[in-house]
Amino acid sequence: RSPAMRGAAGAAARAALALATAAAALAHEADAAPDVPDSAPFDLLELRVPGRAVQAWSLAPSVSCPSPLARTLLVLSVDGVPPRERRRANGFACLPAANGGSPASEGGAETAERAPIVPSFTLPIPRDVVGVDSADARPDWPGDELLLVAGDGLRVLATDGSGAVQRVAGSGPLPLPARTRAASRMPVAGRCNGRDELSVLLPTAGGVRWLRLRDGARVELALPIESDYRNATAEPPADAPELTTATLAWPALAMADDDGDGRDDLFALWRFGAWVFRTTGDGPTGFAPAPGGVLGPTRRAEFKPFSDEEEIRHAASDVQIFARDLDRDGRADLVVDRTMGGMLKSWASTEVHRNGGAGAETGDAHVARLETQGAIAGVDVLDLDGDARSEIFRTLLAFNARQLLRFVATGRARVDFSVLALDAGAGDGLRETWRDSVSLELDWTTGRIAGVFPDLRGDWNGDGRADLVLPDGARRIAIRLGEDGEHGAAFGGTAAVQPFPLDAASIEAADLDGDALDDLVAFDPRSPDGRVFVLRNRGVLPGTPTAPVLRAAEPDEPR
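One gets the working numbering by counting positions in the sequence shown from 1 and adding 128 to each.
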């Protein structure tokens with residue numbers, strides 16, 4: 129789910145529940161998946177994992193599959209309750225075509241009622257592991273491996289059924305107590321030093337530890353860590369029976385070119401600013417030398433702070449920061465989106481700080497600003513149309529009398545979308561290239577959006593543009609394709625409607641068969657039935673190449 133959708137839709141659900149706790153349930157339990165008509169853009173494939181599916185992503189192609197480009201789908205699942213939860217990583221390799229024969233069926237013949245597909249492998253996640261990632265960490269092992277992050281460091285776990293485990297020397301210890309519940313991905317692996325070499329960034333008490341996997345070279349990077357501790361206070365309730373309650377938040381990490389030298393630099397983005405570690409392209413690590421073993425940032429940029437009144441209620445505010453190139457000059461600009469408030473008083477602002485060559489200036493030095501009163505907002509910043517220039521996709525949820533009446537009377541909330549492009553000639557520095565709104569149904573029993581969160585991470589027709597997925601009534605989703613509008617990046621009308629197998633779901637986009645068309649993975653992270661659905665792209669949406677060309681993923685392609 130996208131951060132823009134998550135903040136706005138989550139606030140809408142909480143507000144509606146506060147106003148009408150006695151509202152009737154809107155969710156409908158149903159075990160059978162819907163029939164998929166021939167006109168639907170996706171075919172349906174059902175998988176099954178033990179317990180609740182909580183996260184999914186794809187691994188590198190499996191060498192054991194008939195198709196050399198077929199990716200393995202990894203699904204994290206949890207069953208049981210704390211403190212005895214069981215956590216697993218489930219892999220599905222060589223998934224069959226949804227409308228064809230299953231390898232498990234007799235003779236490969238097509239079956240009208242195919243049993244749910246079970247995992248090709250299931251690996252237990254040890255109790256001390258706090259996060260899971262994947263990468264080709266051992267080139268001498270087949271496929272991708274799982275990276276398990278724990279307090280004693282990093283472990284590499286084979287996915288080929290051998291059970292091989294390698295502890296990575298120099299990766300620990302880490303200040304990470306074992307988690308009490310759930311399982312999730314911790315994206316620690318990547319090319320993090322401006323070079324084409326795999327490394328990891330591991331949380332430490334003072335920031336992160338950069339570690340190159342092939343030889344164990346490491347650098348300690350000092351980062352800002354936002355921390356809160358709840359102890360006994362003068363405000364009621366004053367009692368604090370526990371020793372302390374702590375919340376630690378490491379900054380968001382992003383790779384982008386800060387100085388225009390063609391190498392990505394490391395950005396640490398947090399509530400109060402951006403710290404940038406420029407990569408050098410030379411030396412043993414690719415970073416500047418670190419006297420004393422700890423490397424500080426090349427430069428720091430501070431953001432304009434919230435007011436005293438707003439910081440007292442800091443939990444009612446949110447800040448999103450993105451390092452993206454908005455003007456196609458090869459340098460990363462900063463987009464800072466801030467929202468504050470609740471039902472009676474709220475505001476949202478989106479600012480762009482342009483990188484003129486020495487790094488994006490912050491504080492009041494913005495080149496574009498959009499502010500809205502009486503609403504909360506969130507943004508995604510991404511290249512919607514493939515022109516190497518990022519756009520801002522803004523989601524706005526108004527809080528006013530009309531919206532409150534809509535919550536109570538209909539169980540729905542209106543959400544406004546817009547696409548904004550940096551334009552010095554526009555009044556506020558941003559040119560609106562597209563605008564629309566949707567009415568999202570709230571599931572009063574669970575406090576969630578019914579159906580799916582609007583999502584634009586997939587390219588469903590393979591034209592290089594981001595496409596939009598929206599809920600469209602009970603157990604249906606609509607596809608709106610990206611297009612070149614009159615003023616820039618835009619989305620067309622509904623191109624297709626797809627029956628959907630779940631009342632509420634998380635979705636992911638992944639090209640599982642290497643045909644350059646994204647497939648859709650859907651599951652309900654609150655349901656214990658373990659149902660996971662793959663909606664296989666049939667290649668029938670407008671603009672789809674008549675014969676999609678199978679392609680192999682690049683070694684550093686995000687998955």
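By construction, the Cβ of each residue, glycine as well, lies at the ideal position given by its N, Cα and C atoms.
Euclidean distance between Cα positions of residue i and residue j
i	j	result
residue 650	residue 564	25 Å
residue 287	residue 628	31 Å
residue 386	residue 456	13 Å
residue 659	residue 665	19 Å
residue 77	residue 511	No answer is possible for residue 77: it lies beyond the span of the chain, which begins at 129 and ends at 687.
residue 489	residue 428	10 Å
residue 535	residue 503	15 Å
residue 418	residue 329	16 Å
residue 274	residue 263	7 Å
residue 358	residue 332	22 Å
residue 667	residue 640	13 Å
residue 638	residue 646	5 Å
residue 230	residue 261	Low local confidence applies: a pLDDT of 33 at residue 230 is under 50, so the model's placement there is unreliable, and no value is given.
residue 355	residue 377	6 Å
residue 311	residue 180	10 Å
residue 591	residue 272	28 Å
residue 171	residue 182	23 Å
residue 316	residue 379	13 Å
residue 307	residue 552	48 Å
residue 437	residue 430	20 Å
Residue i (DSSP reduced to helix, strand or coil)
i	result
residue 141	No answer about residue 141 holds up, because its pLDDT of 43 lies below 50 and its placement is not dependable.
residue 177	coil
residue 536	helix
residue 443	helix
residue 689	Because the chain here runs from 129 to 687, residue 689 falls outside it and cannot be looked at.
residue 345	coil
residue 437	helix
residue 529	helix
residue 323	coil
residue 640	coil
residue 171	strand
residue 151	For residue 151, the predicted structure reports a pLDDT of 32, less than 50, and the residue's modelled location is therefore unreliable. A value from the coordinates is still provided. Of the three classes helix, strand and coil, the one that applies to residue 151 here is coil, per DSSP.
residue 339	strand
residue 506	strand
residue 696	Since the displayed the chain opens at 129 and closes at 687, residue 696 lies outside it and no answer follows.
residue 662	strand
residue 370	coil
Extent of the continuous beta strand (DSSP E) run through residue i
i	result
residue 607	604–612
residue 521	519–526
residue 497	496–501
residue 263	257–263
residue 669	No beta strand (DSSP E) contains residue 669, which DSSP labels as neither H nor E.
residue 421	Careful: residue 421 lies outside any beta strand (DSSP E) and carries neither H nor E.
residue 619	617–627
residue 383	380–384
residue 651	647–651
residue 599	595–599
residue 295	293–295
DSSP bridge partner residues for residue i (one or two, in chain order)
i	result
residue 430	401
residue 541	568
residue 633	580
residue 252	216
residue 478	465 and 498
residue 281	278
residue 375	356
residue 560	548
residue 554	DSSP lists no partner for residue 554.
residue 205	181 and 216
residue 394	383 and 405
residue 189	199
residue 452	461
Unbroken alpha helix (DSSP H) run spanning residue i, endpoints
i	result
residue 225	Counting along the chain, residue 225 falls outside any alpha helix (DSSP H), and DSSP gives it neither H nor E.
residue 333	Note, residue 333: premise wrong, no alpha helix (DSSP H); not H, not E.
Test: residue i CB closer than 9 Å to a CB of chain C
i	result
residue 449	Of the protein chains in this structure there is only one, and it is not chain C.
Contact test: residue i Cβ vs the ligand COA heavy atom, cutoff 8 Å
i	result
residue 413	Judged by which ligands are present, the structure shown has none, so any question about the ligand COA falls away.
Given 8 Å as the limit, is there contact between the stretch 545–564 and the stretch 491–505, that is, 3 or more CB pairs closer than that?
yes
Validate contact between the stretch 183–198 and the stretch 206–213 using beta carbons, cut 8 Å, 3 pairs
no
Does the stretch 294–301 come into contact with the stretch 271–280, if we say contact requires no fewer than three beta-carbon pairs (one atom in each stretch) closer than 8 Å?
yes
Could you check whether the stretch 388–402 touches the stretch 347–363, counting it as contact only if at least three pairs of C-beta atoms, one from each stretch, sit closer than 8 Å?
yes
Does the stretch 465–480 come close enough to the stretch 407–419 to have 3 or more Cβ pairs within less than 8 Å?
no
Using 8 Å as the cut-off, can you tell me whether the stretch 612–619 makes contact with the stretch 575–583, which would need three or more C-beta pairs spanning the two stretches below that distance?
no
Please determine if the stretch 521–535 and the stretch 441–460 are in contact, where contact requires at least 3 C-beta pairs separated by less than 8 Å.
no
At least three beta-carbon pairs within less than 8 Å, the stretch 445–465 to the stretch 510–524:
yes
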